[in-house]
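Student:
Numbering (our numbering), first residue to last: 52 to 156.
1. Sorted by chain position, which residues of the same chain lie with C-beta nearer than 8 Å to residue 132's C-beta, five sequence neighbours on each side aside?
2. Pick from 83, 136, 142 and 128: whose alpha carbon is nearest that of residue 109?
3. Whole angstroms is fine: what's the gap from residue 147's alpha carbon to residue 136's?
4. Mind reading off the beta-carbon distance from residue 211 to residue 73? Whole number of angstroms is fine, and I expect it under 8 Å.
5. Return helix, strand or coil for residue 128, following the three-state DSSP convention.
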């Protein structure tokens, strides 16, 4: 009976608050946790990372830039040619923003 009551209450709250707002809050919570992890790394001195990390990151950015150019000539997006995780996609977007093509969005 308690479980059923919880499900009914949960559905009621979701309906009142809105699923989109709940999704945005979950996204914000995930981002906050990532930022907290970064802050914890800063406090323990883990900013530099392992040896060669910077060179690897720069190589990834160079490869992504080349892949983006190739994808553009093929009329597609880089993700269609090379699957990347969301974390890697965020890293690459931060390090090498897409060139402006006059497309709003």
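Glycine is no exception: its CB is placed at the ideal position from the N, C-alpha and C atoms.
Tutor: The relevant details are as follows:
1. 118, 121, 122 and 125
2. For residue 109, the closest of 83, 136, 142 and 128 by C-alpha to C-alpha distance is 142.
3. 16 Å
4. Past the boundaries of the shown model lies residue 211; the chain is included only from 52 to 156, so the question cannot be answered.
5. In the three-state scheme derived from DSSP, where H, G and I count as helix and E and B as strand, residue 128 is classed as coil.
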